[in-house]
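Quick notes on the structure that follows.
In the numbering used here, the protein residues as written are 6 to 318.
Next comes the structure, spelled out in structure tokens:
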């Protein structure tokens with residue numbers, strides 16, 4: 006795209022920001038040019054998801070936008086304006102639910118909804134509506150991230166009879182904070198993949214390196230292994246939950262800086278949590294464990310039965 010075209014689009018966007026039009030229902034709406042987006046990596050947080058559509062809030066400007074299934078912007082402005090646009094999409098049959106059960110996926114620190122592509126595909130094949138949620142993991146502390154996710158979970162409960170949650174790494178700590186502070190009657194089961202439930206030794210080591218202050222963010226600094234860390238004190242979920250740990254299957258693991266077996270970032274021992282219904286180990290690296298076929302199999306088995314398939318270990 007030429008510099009002139011970019012300048013013209015920028016000028017149009019600036020003009021549109023000050024304009025409001027009225028749609029056929031008499032609701033004031035911002036003029037919108039449908040455009041592809043990156044889906045909101047790190048700078049947007051999903052506040053509502055429905056049938057592949059999502060309303061997001063920007064961490065800096067606090068304005069909202071509505072994205073369609075392929076992350077194309079369909080509306081923007083206030084939360085109410087985006088909700089209105091989504092309701093119109095529902096009425097016109099563009100935003101539809103494909104199942105009466107949903108699985109919410111919460112990604113790891115500095116990752117995004119797109120990190121779950123393999124797992125999402127596997128769950129959809131089993132008949133789940135899958136909401137892979139984006140949240141600004143590097144911008145806020147654990148309490149704030151959990152507080153941002155609670156309203157989304159409450160709205161999802163209104164749309165489905167059965168709600169399941171699967172997390173990767175720090176996503177599990179956020180789920181613990183949410184599910185330990187109040188009971189959500191429609192949340193059936195939770196699977197935490199490679200969660201640093203007892204903190205991560207590598208987080209301590211990273212914080213000893215001075216440039217880390219620019220990349221870890223408030224939540225990343227709460228994943229240490231000390232007794233007072235946010236990870237170790239996130240609470241016990243008030244639902245049935247299981248833990249999948251990644252490992253190499255040797256005494257030294259993948260990372261010699263971590264005592265015992267590990268997935269490269271989190272030790273097997275630190276993934277355990279009191280109250281878990283079951284526990285299983287998968288040979289995998291931390292960054293890719295959630296999309297390994299064996300992991301996907303174990304997730305599906307636990308969501309369906311409350312137990313892992315130990316014959317497949």
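Don't be surprised by glycine CBs; every beta carbon is placed ideally from N, CA and C. Fair warning: this is a prediction, and the values are worked out from it, not measured in the lab.
Rounded Cβ spacing between residue i and residue j (contact assumed at less than 8 angstroms)
{"i": "residue 270", "j": "residue 205", "result": "6 angstroms"}
{"i": "residue 86", "j": "residue 35", "result": "6 angstroms"}
{"i": "residue 189", "j": "residue 158", "result": "6 angstroms"}
{"i": "residue 301", "j": "residue 98", "result": "Going by Cβ atoms, the distance from residue 301 to residue 98 rounds to 31 angstroms, so no, they are not a contact pair."}
{"i": "residue 110", "j": "residue 125", "result": "7 angstroms"}
{"i": "residue 57", "j": "residue 41", "result": "Wrong, their Cβ atoms sit about 15 angstroms apart, outside the cutoff."}
Proximity below 7 angstroms, CB of residue i to CB of residue j
{"i": "residue 49", "j": "residue 63", "result": "yes"}
{"i": "residue 240", "j": "residue 181", "result": "yes"}
{"i": "residue 192", "j": "residue 244", "result": "yes"}
{"i": "residue 47", "j": "residue 143", "result": "yes"}
{"i": "residue 170", "j": "residue 195", "result": "yes"}
{"i": "residue 268", "j": "residue 290", "result": "yes"}
{"i": "residue 55", "j": "residue 90", "result": "no"}
Contacting residues, own chain, Cβ-Cβ under 7 angstroms from residue i (five flanking each side not counted)
{"i": "residue 39", "result": "77, 78, 79"}
Close Cβ partners of residue i (< 6 angstroms) along its chain, the five nearest in sequence each way excluded
{"i": "residue 185", "result": "240, 241, 242"}
{"i": "residue 45", "result": "61, 139"}
{"i": "residue 123", "result": "296"}
{"i": "residue 250", "result": "273, 276, 286"}
{"i": "residue 265", "result": "272, 274"}
{"i": "residue 114", "result": "142, 175, 225"}
{"i": "residue 199", "result": "174, 251, 268, 271, 291, 294"}
{"i": "residue 254", "result": "288"}
Whole-angstrom distance between residue j and residue i, CA atom to CA atom
{"i": "residue 15", "j": "residue 51", "result": "Its pLDDT being 42, under 50, residue 15 is placed unreliably in this model, and the value from its coordinates should be taken loosely. Roughly 25 angstroms separates the two Cα atoms."}
{"i": "residue 295", "j": "residue 277", "result": "17 angstroms"}
{"i": "residue 3", "j": "residue 71", "result": "An answer regarding residue 3 cannot be provided, because it is not within the stretch 6 to 318 covered by the chain."}
{"i": "residue 237", "j": "residue 93", "result": "44 angstroms"}
{"i": "residue 84", "j": "residue 43", "result": "20 angstroms"}
8 angstroms CB neighbourhood of residue i in its chain, flanking five on each side removed
{"i": "residue 275", "result": "201, 202, 203, 204, 205, 206, 230"}
Residue i CB to nearest heavy atom of the ligand GDP below 6 angstroms
{"i": "residue 271", "result": "Within the structure as shown, the ligand GDP is missing, as the structure has no ligands at all."}
### Query
Residue ranges of each beta strand (DSSP E) run of no fewer than 3 residues wholly in the segment 152-183, ordered along the chain?
With a minimum length of 3 residues, the continuous beta strand (DSSP E) runs that stay inside the segment 152-183 are 167-173.
### Task
For the segment 79-108, list the alpha helix (DSSP H) runs that are entirely contained and at least 4 residues long, ordered along the chain.
Listed in chain order, the alpha helix (DSSP H) elements of length 4 or more contained wholly in the segment 79-108 are 84-96.
### Message
Extract the residue ranges of the beta strand (DSSP E) inside the segment 230-274, only unbroken runs of 3 or more that lie entirely within it.
### Response
Those beta strand (DSSP E) runs which fall completely within the segment 230-274 and span 3+ residues are 245-252.
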